[in-house]
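Inspection log for the structure reproduced underneath, given as structure tokens.
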Amino acid sequence: MLKFYKFIISNGSNSISNTLPFPTTDDFFIYLKKNNLKLISYKIIYKKLHISDKEMLFFTQNLISLLESGLHIALALEIIKQQDNRFFSHIIENIKNDILNGEGIYNSFNKYNTIFSPTYLNLLHAGETTNHLIANLKRAHRNLSLITSLKNNIKKTIFYPAIVGFFIVLLLIFIFIFVLPDFESFFHSSQIELPFITKLMLQISNNFLTIGFTISLFILLLILLLHIISKETKEKIQFKIPIIKNLTYKKFVINFSENFAIMLNSNIEIIDILEFLKNNCEYLTLKQEIYNIQKYIENGYGIYHSFKLSYLFNTQQLNLINIGEQSGTLAKTFETISAITNKELEQQLFQITTIIQPLLLLFLGIITGSIIVAIYMPIMSISDSLL
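Below, the structure is given as structure tokens:
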């Protein structure tokens, strides 16, 4: 959550209201003083500020290009601050002013740690300390690109089934609420014995709203339960579902390996890298495994043996780590592991989509086919009786 200041300022006989993000109240009053604004009232509100992956990639790429051209970072930020997102533009302006006031690059960016990821900030810190800011910004950009690619692949996998599922629900609502009731009165007036499937469909139609309400209530209770249960319990459930467990591990290995490689290239100590990755790992079980690896290395175990004692990496990945440790190319090794696993994840997501699509169409065919048969059979019986 980011701290926003909703304030009203005097503009002669008029008053103007505005809402802008500031890290502290002091920063807010400095902004007012710098711009000669007369404050009437203000209040603090907390809300999330969404900066899209596209905006962050665009910002980072432009910053790299301007720094490579020899511009000072403050001037580069002054040029970049022209953004469609006025809140992001204001944040860039604040960062620029903090840098000009001597607060340092990392400290200025770190005030907005809800906007910039821990990896991004860590790379800025390492880049500022070692005087390799541009190189580390490029690594941050690559990391952002990877994360964006992962998100897009997952969205693509979900998008088609979600659209098909939505239209199936709409079709069922239309058939059971508007179509079948008309046929029910027709069938009853004909006084014929209805087949079981027709009776079943009519029964569903008559109780469709109740069934829909029950299903909706069940889903809401399930969502509520997921919010109530502990994170550890939620993880245990997640890791008991094979397909979700597999996808989660792959996503973890990609992020872990990519960040490990980036930070190794930034000359950050392995223990510090593991500490950072442990603190920023969202899964408690995996966090514990990173902690175990960290302790093994601190106790004198080699990198390969420390990783081998955990279950985070498979045999092929461990062999690559062993080769990387022996040859002194660990950073390159983890880049390779990340790239290979990313390809595997893309392929697996594609396979899931390939399987789900025909299953959804099959389900749609079974439902519509059953309804057609349920309507057609009594009509045929009526026709036969008339003949």
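Just so we're aligned: the sequence shown equals residues 53 to 439 in this note's numbering.
Cβ atoms here follow ideal geometry from the backbone N, Cα and C, with glycine treated the same way.
Q. According to the Cβ coordinates, are serine 268 and glutamate 236 closer than 8 angstroms?
A. Between serine 268 and glutamate 236, the C-beta gap is not smaller than 8 angstroms, which leaves the two residues out of contact.
Q | Secondary structure of proline 294, DSSP reduced to three states | A | Proline 294: helix per DSSP, three-state reduction.
Q: Drop a sphere of 10 angstroms on the beta-carbon of aspartate 150, count the other beta-carbons inside from all chains shown, and report buried for 16 or more, exposed for fewer.
A: Classification of aspartate 150: buried, given that the 10 Å Cβ count is 16 or more.
Q: Tell me whether proline 213 sits in a helix, a strand or coil according to DSSP, three-state version.
A: Proline 213: helix per DSSP, three-state reduction.
Q | lysine 106 classed as buried or exposed, judged by whether at least 16 other C-beta atoms fall within 10 angstroms | A | Residue environment for lysine 106: exposed (fewer than 16 other C-beta atoms within 10 angstroms of its C-beta).
Q: Output the distance between the C-alpha atoms of asparagine 351 and isoleucine 325, rounded to the nearest integer angstrom.
A: Across the structure, asparagine 351 and isoleucine 325 are spaced so that their CA atoms are roughly 16 angstroms apart.
Q. Quick one: what does DSSP say phenylalanine 74 is sitting in, helix, strand or coil?
A. Coil.
Q.
Let's test the definition: count the other Cβ atoms within 10 Å of the Cβ of leucine 129 and tell me whether it reaches 16, buried, or not, exposed.
A. Its Cβ being crowded by 16 or more others within 10 Å, leucine 129 is buried.
Q. In angstroms, rounded to a whole number, what distance separates the CA positions of glutamine 116 and isoleucine 157?
A. Residue 116 is actually isoleucine in this sequence, not glutamine. So the two alpha carbons sit approximately 14 angstroms from each other.
Q: Using 10 angstroms around the beta-carbon of glycine 376, count the other beta-carbons present and answer buried if the total reaches 16, otherwise exposed.
A: Around the beta carbon of glycine 376, a 10 Å sphere encloses 16 or more other beta carbons of the protein chains shown; the residue is thus reported as buried.
**Q.** Chain-order list of residues whose beta-carbon lies under 8 angstroms from that of isoleucine 249 (same chain, five-residue window excluded)
**A.** So the qualifying residues of the chain are Ser422, Val425, Ala426, Met429.
Q. At least one CB of chain B closer than 8 angstroms to the CB of histidine 240: is that the case?
A. As a matter of chain content, chain B is missing from the structure shown, which is built from one protein chain.
Q) Buried or exposed: where does phenylalanine 168 fall if 16 or more other Cβ atoms within 10 Å of its Cβ makes it buried? A) By the neighbour-count criterion, in which 16 or more other beta carbons inside 10 Å mark a residue as buried, phenylalanine 168 falls on the buried side.
Q: Can you say whether arginine 191 is buried or exposed, counting buried as having 16 or more other CB atoms within 10 angstroms of its CB?
A: Buried: at least 16 other Cβ atoms inside 10 Å.
(Q) Can you tell me which residues form a DSSP beta bridge with isoleucine 68? (A) Partner(s): Ile61.
Q. Should lysine 148 be labelled buried (16 or more other beta-carbon atoms within 10 Å of its own) or exposed?
A. Lysine 148 counts as buried, since no fewer than 16 other beta carbons sit within 10 angstroms of its beta carbon.
Q.
The alpha helix (DSSP H) that contains serine 93, what's its start and end?
A. Looking at the DSSP string, serine 93 is not in any alpha helix (DSSP H); the run it does join, the beta strand (DSSP E), is 90–99.
Q: Under 8 angstroms by Cβ, that's how I've got lysine 90 and isoleucine 61 pegged, so tell me the actual separation to the nearest angstrom.
A: Isoleucine 61 and lysine 90 do touch by the CB rule: their CB atoms are close to 6 angstroms apart, below 8 angstroms.
Q: Note the first and the last residue of the continuous alpha helix (DSSP H) segment covering threonine 37.
A: Given that the chain is displayed from residue 53 to residue 439, the structure contains no residue 37 and the question cannot be resolved.
Q) If serine 242 sits next to isoleucine 434, beta carbons under 8 angstroms apart, how far is it from one beta carbon to the other, in whole angstroms? A) Sure, about 5 angstroms apart at Cβ, within 8 angstroms.
**Q.** Assigned exposure category for proline 73 - 16 Cβ within 10 Å defines buried
**A.** It is buried - the Cβ of proline 73 has at least 16 other Cβ atoms within 10 Å.
Q: Check whether the segment 381–389 touches the segment 307–320, taking contact to mean three or more Cβ pairs, one atom from each stretch, closer than 8 angstroms.
A: Contact between the segment 381–389 and the segment 307–320 is present, because at least three Cβ pairs lie under 8 angstroms.
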